[in-house]
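According to the numbering used here, the sequence shown is numbered sequentially starting from 190.
C-beta atoms are modelled at their ideal positions from N, C-alpha and C, and glycine is treated no differently.
Since we're looking at a predicted model, the values are computed, not measured.
Just below is one structure, and these are the notes that go with it.
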Amino acid sequence: MKTILILIATISILLNVRYAQDLEVGDKAPSFSAVADDGFTWDSDEYLGKKFIVVYFYPAAMTGGCTAQACAYRDMHNEIDDADAVVVGVSGDNVEGLKLFKKANNLNFPLLSDSHGEIANKFGVPTRDGGSITREIDGESFDLVRGVTSSRWTFIIGKDGNIVYKNTDVDVTKDSREILEFIKNNS
Numbered sequence: 190m191k192t193i194l195i196l197i198a199t200i201s202i203l204l205n206v207r208y209a210q211d212l213e214v215g216d217k218a219p220s221f222s223a224v225a226d227d228g229f230t231w232d233s234d235e236y237l238g239k240k241f242i243v244v245y246f247y248p249a250a251m252t253g254g255c256t257a258q259a260c261a262y263r264d265m266h267n268e269i270d271d272a273d274a275v276v277v278g279v280s281g282d283n284v285e286g287l288k289l290f291k292k293a294n295n296l297n298f299p300l301l302s303d304s305h306g307e308i309a310n311k312f313g314v315p316t317r318d319g320g321s322i323t324r325e326i327d328g329e330s331f332d333l334v335r336g337v338t339s340s341r342w343t344f345i346i347g348k349d350g351n352i353v354y355k356n357t358d359v360d361v362t363k364d365s366r367e368i369l370e371f372i373k374n375n376s
């Protein structure tokens, strides 16, 4: 038995991927909160029963796909708001990196720091070790650090508090349009 446990631990370390309970459509959504890009705590409970909550997990701020996805959500903000939904982006980036990401791209929705992967874990989103990237913003160089790197998954929490939508194969250019269409068709 001890040998099997050691083998499992070794494989987990080698794969460097962590999984939690996988949420499915119809499951009760977990309650979550985290520090957002503005330094304040964002809490899902403030929106439950009032709005659809779009929770999208992305790997790393200031990277190509993540920037395209965030900017698409930015550009559709008014339409999503009109559909009675709120969007929140979640990544393993630290708060300072999220603040820079938001400012550099004029993002108009909260970005949550999930540097230990606790929110990802609640939703069953796979994570792996974090890292850092260096980006130049307004002529100044910044190191953006993340504690974990999440897979790119999107969920919608219905007003009843249940998962009503789950996408584990997200296309960054279509994600915001697909969630808007889903909400409009299921309101």
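Sort the options by Cα distance to residue i and report the nearest one.
i, options, result
"Tyr262", "Glu367, Lys373, Asn375 and Asn374", "Glu367"
"Pro219", "Gly328, Ile242 and Gly228", "Ile242"
"Ser321", "Ile308, Gly313 and Arg335", "Arg335"
"Lys291", "Asn310, Ile345, Val361 and Cys255", "Cys255"
"Gly228", "Glu235, Val284 and Ala249", "Val284"
"Ser233", "Glu370, Val314 and Ile308", "Ile308"
"Pro248", "Ile346, Asn374 and Thr338", "Thr338"
"Asp360", "Ser304, Asp332, Gln258 and Gly350", "Gln258"
"His266", "Asp318, Leu296, Asp303 and Phe312", "Leu296"
Short of 6 angstroms in beta carbon distance, which residues of its chain neighbour residue i, apart from the five on each side in sequence? Order them along the chain.
i, result
"Gly238", "Lys348"
"Lys175", "For residue 175 there is no data in the structure shown, the boundaries of the chain being 190 and 376."
"Arg207", "Unreliable placement is indicated for Arg207, whose pLDDT of 40 sits below 50; the coordinate value is still reported in the next sentence. Within the same chain, Arg207 has close Cβ partners Thr316."
"Gly319", "Gly281, Arg335, Gly336, Val337 and Thr338"
Apart from the five residues just before and just after residue i, which ones in its own chain have a Cβ nearer than 7 angstroms to its Cβ?
i, result
"Cys260", "Asn294"
"Trp231", "Ser222, Ala223, Ala225, Val277, Pro299 and Leu301"
"Asp358", "none"
"Lys217", "Gly350 and Asn351"
Rounding to the nearest angstrom, what Cα-Cα distance links residue i and residue j in this structure?
i, j, result
"Phe246", "Asp211", "14 angstroms"
"Glu378", "Gly306", "Here the chain has residues from 190 to 376 only, and residue 378 is not among them."
"Val214", "Asp282", "27 angstroms"
"Glu325", "Met251", "10 angstroms"
"Ile352", "Ser340", "18 angstroms"
"Glu370", "Asp270", "13 angstroms"
"Tyr236", "Ala274", "9 angstroms"
"Ser280", "Val314", "11 angstroms"
"Asn310", "Asp327", "35 angstroms"
"Asp264", "Val244", "17 angstroms"
"Leu289", "Ser365", "22 angstroms"
Tell me whether residue i is buried or exposed, calling it buried when 16 or more other Cβ atoms sit within 10 Å of its Cβ.
i, result
"Ser376", "exposed"
"Thr362", "exposed"
"Gly286", "buried"
Leaving out five residues on either side along the sequence, give the residues of the same chain with a beta carbon under 8 angstroms from the beta carbon of residue i.
i, result
"Thr323", "Ser330, Phe331, Asp332 and Leu333"
"Lys373", "Ala272"
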